[in-house]
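Take a look at the structure:
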């Protein structure tokens, strides 16, 4: 072990002669800042247990206005327009603003908060038009009304289709 101690001492002395305390602190800071950018990229189960219904749903369910998660949707379903129930089709972008509905899942008997995002940037899809007014409020309550062009916050405000993303279980 004597040779290992000598090697460690020589490396430590060489670093001490060539590097200042400030440069060591700067290097440590760079590593910490760099790791802060890598950490958000790691996968996280944000909605654990709530996305499993998509795996058991058939394509027919996902393209039907009677599917439970479409209880407050108003627009063309993205699952019929080249996207899925939760993702926009290629060439479109999701609106940063949305409306929320509370939908009842008959399979597990629970109510879920479902966020509806319009996908914007292409002309209207024209397939699978659903217009549900379940628990809809009058038009003067802007944030509770689903007959609004929610693409108005995007660069291209042309409406294409609507996604439905489960946010969480609804609290009673």
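Residue numbers (full-length UniProt numbering): 1 to 172. No residue lacks a Cβ here, since even glycine has one placed at the ideal position from N, Cα and C.
What distance in whole Å lies between the Cβ atoms of residue j and residue i, which are believed to be in contact at a cut-off of 8 Å?
i: residue 116; j: residue 72; result: 7 Å
i: residue 75; j: residue 122; result: Not confirmed; about 13 Å, so no contact.
i: residue 88; j: residue 125; result: Not really, about 11 Å apart at Cβ, beyond 8 Å.
Roughly how many angstroms lie between the CA atoms of residue i and residue j, to the nearest whole one?
i: residue 109; j: residue 27; result: 55 Å
i: residue 77; j: residue 33; result: 41 Å
i: residue 64; j: residue 103; result: 15 Å
i: residue 2; j: residue 11; result: 14 Å
i: residue 128; j: residue 69; result: 14 Å
i: residue 159; j: residue 67; result: 22 Å
i: residue 119; j: residue 15; result: 55 Å
i: residue 22; j: residue 29; result: 10 Å
i: residue 79; j: residue 169; result: 23 Å
i: residue 4; j: residue 17; result: 20 Å
When burial is assigned at 16 or more other CB atoms within 10 Å of the CB, is residue i buried or exposed?
i: residue 85; result: buried
i: residue 106; result: exposed
i: residue 154; result: buried
i: residue 62; result: buried
i: residue 164; result: buried
i: residue 31; result: exposed
Taking only three categories from DSSP, how would you classify residue i?
i: residue 28; result: helix
i: residue 70; result: helix
Span of the alpha helix (DSSP H) holding residue i?
i: residue 169; result: Looking at the DSSP string, residue 169 is not in any alpha helix (DSSP H); the run it does join, the beta strand (DSSP E), is 159-169.
i: residue 101; result: Residue 101 -> not in any alpha helix (DSSP H); beta strand (DSSP E) instead, spanning 99-105.
i: residue 10; result: 2-18
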